[in-house]
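**Student:** One structure, as structure tokens, below. Some questions next.
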Amino acid sequence: MANEVFERVEALIQEIESATATTPDAVEAFRIRYLGSKNVLKPLMGEMRNIPNERKRDFGQLVNRAKQVAQEKLEALQAATATQAGADAGAKFDLTAPAEPMPLGSRHPIALTMRRIISIFERIGFTVAEGPEVEDDWHNFSAMNTPEDHPARDMQDTFYVAEGMPAGVPSSFAKNGGGTDMLLRTHTSSVQARTMESQAPPIRIIAPGRVYRNETISARSHAQFHQVEGLYIAEKVSFADMKATLLHFAREMYGDKTKIRLRPSYFPFTEPSAEMDIWWGLESEHDYRITKGTGWLEIMGCGMVDPQVLTNCGIDPEKYTGYAFGMGIERQAMLLYNITDIRLMFENDVRFLKQFSGVL
């Protein structure tokens with residue numbers, strides 16, 4: 000009885016070794032027969048009870064060998080049929096024919112707008128400065144003359160990420176005892192502070208980058224957005240210099256007939272301060288809605304750098320004066336490309352992004 004069982008296993012091994020398959024279906028039939036959940040090798044282990052104890056080990060090794068041979072044969076058959084399938088597929092195609100054209104990508108409207116703004120200011124002598132997005136309290140608020148009780152410091156507007164300096168950050172990272180809390184920068188004015196600390200006047204920079212504020216996301220506002228801020232510090236810089244610079248920007252950005260106006264405003268780091276509007280017009284219902292019926296559209300804040308800010312950053316306010324300005328890039332992009340919902344710029348909808356494939 001035992002010899003018959005051994006012979007059955009040997010016969011199955013020979014059957015496996017001599018098996019052939021030229022199609023994927025045949026290979027699958029082989030797998031089901033010899034390695035599937037109900038394969039022909041599985042019942043052999045039930046014969047173990049009929050094998051004498053001294054031969055049980057030999058029988059078990061023989062059955063395992065049969066399984067191994069089946070697995071190796073399956074892999075060989077799969078490789079052979081895959082190679083043949085590849086050769087057949089290649090024969091069906093003309094490899095000399097032109098390939099399918101690759102779809103071209105496009106720049107994001109925010110990137111397009113940022114590049115355009117940077118280009119305008121670079122042509123009149125401004126250079127690009129950058130800084131960290133995770134900032135300390137001093138550079139984001141205190142250096143920019145923001146009082147400790149100012150609403151902008153409240154949790155409802157600012158994303159604080161750490162109370163005190165995280166491990167590994169040197170204490171010198173926060174200057175002049177202005178606070179060591181870490182936060183996501185709420186404006187790129189922090190880059191201005193870092194530049195004034197490390198560079199002697201004259202300073203003429205723009206600081207583009209991403210900023211964060213704890214705001215409700217809607218069609219006109221988002222918790223993350225982009226800004227470009229500018230700073231010019233030198234001797235005898237005047238408000239008239241700032242107005243001329245911003246008028247040049249507006250006409251380069253929106254057309255050489257663009258008109259601007261400056262309205263008194265308040266910012267902690269500039270004095271006097273102003274909001275700058277451009278004349279958008281009232282030719283359509285959209286114009287009425289976007290300008291609230293006035294025809295004027297606010298695009299940025301600006302002003303003369305407060306002497307206290309210069310003092311905070313180690314610059315002599317008796318010798319130097321300067322102006323600063325800041326604008327939201329999303330607002331400029333929405334105006335340039337008639338985008339009605341700021342959320343579209345952060346959703347990565349290919350249908351929206353494809354509309355800018357022809358914009359340089």
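Residues 0 to 359 in numbering that gives the first Met the number 0 are what the sequence shown spells out, letter by letter.
By construction, the Cβ of each residue, glycine as well, lies at the ideal position given by its N, Cα and C atoms.
#1: Here's the rule I'm using: 16 or more other beta-carbon atoms within 10 Å means buried, otherwise exposed. How should residue 146 be labelled?
#2: Do residue 218 and residue 340 have their C-beta atoms within less than 8 Å of each other?
#3: Note down, in chain order, each residue of its chain lying with its Cβ closer than 6 Å to the Cβ of residue 11, except the 5 sequence neighbours on either side.
#4: In whole angstroms, what is the alpha-carbon distance linking residue 346 and residue 209?
#5: Between residue 225 and residue 328, how many whole angstroms is the CB-CB distance? I'm expecting something under 8 Å.
#6: What number of angstroms, rounded off, separates the C-alpha of residue 95 from the C-alpha of residue 78?
#7: My output table needs one value for residue 352: the three-state DSSP class, helix, strand or coil.
#8: With DSSP run on the structure shown, which of helix, strand or coil describes residue 166?
#9: From the DSSP output, in three-state form, read off residue 105 for me.
#10: Helix, strand or coil: how does DSSP classify residue 236 here?
#11: Would the beta-carbon of residue 314 fall within 8 Å of that of residue 232?
#12: Provide the residue(s) that pair with residue 188 in DSSP beta bridges, ordered along the chain.
#13: Determine the extent of the beta strand (DSSP E) in which residue 266 is found, giving its start and end residues.
#14: Who does residue 231 pair with in a DSSP beta bridge?
#15: Just curious, the alpha helix (DSSP H) that residue 26 is in, first and last residue?
#16: Since residue 211 and residue 193 should fall inside the 8 Å C-beta cutoff, what is the C-beta to C-beta distance between them, to a whole number of angstroms?
#17: Does the stretch 17-26 come close enough to the stretch 48-61 that 3 or more CB-CB pairs lie under 8 Å?
#18: Taking the beta carbon of residue 51 as the centre, do at least 16 other beta carbons fall within 10 Å, making it buried, or is it exposed?
#19: What is the DSSP secondary structure of residue 148, counted as helix, strand or coil?
#20: Bridge partners for residue 295 per DSSP, in chain order?
#21: Please go through the same chain and pick out, in chain order, the residues whose beta-carbon is closer than 7 Å to the beta-carbon of residue 177, but skip the five residues on each side of it.
#22: Assuming residue 119 and residue 251 are in contact, meaning their beta carbons sit under 8 Å apart, how far apart are those beta carbons, in whole angstroms?
#23: One question on the structure: do residue 270 and residue 300 come within less than 8 Å of each other, judged by their Cβ atoms?
#24: Among 338, 331, 159, whose alpha-carbon lies nearest the alpha-carbon of residue 113?
#25: What would DSSP say about residue 17, mapped onto helix, strand or coil?
#26: Name the DSSP beta bridge partners of residue 67, please?
#27: Leaving out the 5 sequence neighbours to the left and right, which residues in its chain are closer than 8 Å to residue 310 when beta-carbon positions are compared?
#28: Out of curiosity, what's the CA-to-CA distance linking residue 124 and residue 244?
#29: State the start and end residues of the unbroken beta strand (DSSP E) segment that holds residue 134.
**Tutor:** The short version:
#1: The residue labelled residue 146 in the question sits at position 147 within the sequence shown. Answer is exposed; the Cβ neighbour count stays below 16.
#2: Position 219 of the sequence shown holds residue 218. Position 341 of the sequence shown holds residue 340. The answer is yes: Cβ separation under 8 Å.
#3: Taking the sequence shown and counting its residues from 1, one reaches residue 11 at position 12. By the criterion of a C-beta distance shorter than 6 Å, residue 11 is surrounded in its chain by 65, once the five residues flanking it on both sides are discounted.
#4: Start at 1 with the first residue of the sequence shown, and residue 346 comes out as number 347. Start at 1 with the first residue of the sequence shown, and residue 209 comes out as number 210. The alpha-carbon atoms of residue 346 and residue 209 are separated by roughly 16 Å.
#5: The residue you call residue 225 lines up with position 226 of the sequence shown. The residue you call residue 328 lines up with position 329 of the sequence shown. Correct: roughly 4 Å between the Cβ atoms.
#6: Residue numbering aside, residue 95 sits at position 96 when the sequence shown is read from its first letter. Residue numbering aside, residue 78 sits at position 79 when the sequence shown is read from its first letter. One alpha carbon belongs to residue 95, the other to residue 78, and they sit about 27 Å apart.
#7: The count along the sequence shown starts at 1 and reaches residue 352 at position 353. Helix.
#8: Translated into the one-based positions of the sequence shown, residue 166 becomes position 167. Interpretation of residue 166 is limited by its pLDDT of 48, a score under 50 that renders its predicted location unreliable; no figure is taken from the coordinates.
#9: Here residue 105 refers to the residue found at position 106 when the sequence shown is read from its first residue. Coil, per DSSP.
#10: Position 237 of the sequence shown, counted from the start, is the residue given in the question as residue 236. In the three-state reduction of the DSSP assignment, residue 236 falls in the coil class.
#11: Here residue 314 refers to the residue found at position 315 when the sequence shown is read from its first residue. Here residue 232 refers to the residue found at position 233 when the sequence shown is read from its first residue. Between residue 314 and residue 232, the C-beta spacing is below 8 Å.
#12: Translated into the one-based positions of the sequence shown, residue 188 becomes position 189. Paired residues: none, contrary to the question.
#13: Working through the sequence shown from its first residue, we reach residue 266 at position 267. Here the beta strand (DSSP E) through residue 266 covers 259-266.
#14: Taking the sequence shown and counting its residues from 1, one reaches residue 231 at position 232. In DSSP, residue 231 forms a bridge with 203, 322.
#15: Here residue 26 refers to the residue found at position 27 when the sequence shown is read from its first residue. For residue 26, the uninterrupted alpha helix (DSSP H) run begins and ends at 23-34, by DSSP.
#16: Stepping through the sequence shown from its first residue, residue 211 is reached at position 212. Stepping through the sequence shown from its first residue, residue 193 is reached at position 194. Wrong, their Cβ atoms sit about 18 Å apart, outside the cutoff.
#17: Proximity of the stretch 48-61 to the stretch 17-26 falls short of the contact definition, fewer than three beta-carbon pairs being nearer than 8 Å.
#18: For the purposes of this step, residue 51 is identified with residue 52 of the sequence shown, where counting begins at 1. By the 10 Å Cβ count, residue 51 comes out exposed.
#19: On the sequence shown, position 149 is the one that residue 148 refers to. Residue 148: coil per DSSP, three-state reduction.
#20: Counting from 1 along the sequence shown, the entry for residue 295 is found at position 296. According to DSSP, residue 295 shares a beta bridge with 278.
#21: Your numbering for residue 177 matches position 178 in the sequence shown. Caution applies to residue 177, whose pLDDT of 47 falls short of 50 and renders its modelled position unreliable; the model cannot decide the point.
#22: Along the sequence shown, one-based indexing puts residue 119 at 120. Along the sequence shown, one-based indexing puts residue 251 at 252. Sure, about 5 Å apart at Cβ, within 8 Å.
#23: In the sequence shown, the residue the question calls residue 270 occupies position 271. In the sequence shown, the residue the question calls residue 300 occupies position 301. No, they are not a contact pair.
#24: Your numbering for residue 113 matches position 114 in the sequence shown. Among 338, 331, 159, the Cα nearest to that of residue 113 belongs to 331.
#25: Indexing the sequence shown from 1 puts residue 17 at position 18. Note: residue 17 maps to helix in three-state DSSP.
#26: Position 68 of the sequence shown, counted from the first residue, corresponds to residue 67. Residue 67 is bridged by DSSP to nothing; it lacks a bridge partner.
#27: Locating residue 310 in the sequence shown gives position 311, counting from the first residue. Once the five neighbours on either side are set aside, the close Cβ partners of residue 310 are 316.
#28: Numbered from 1 along the sequence shown, position 125 holds the residue referred to as residue 124. Numbered from 1 along the sequence shown, position 245 holds the residue referred to as residue 244. One C-alpha to the other measures close to 11 Å.
#29: For this step, residue 134 is matched to residue 135 along the sequence shown. Under the DSSP assignment, residue 134 falls in the beta strand (DSSP E) whose first and last residues are 133-135.
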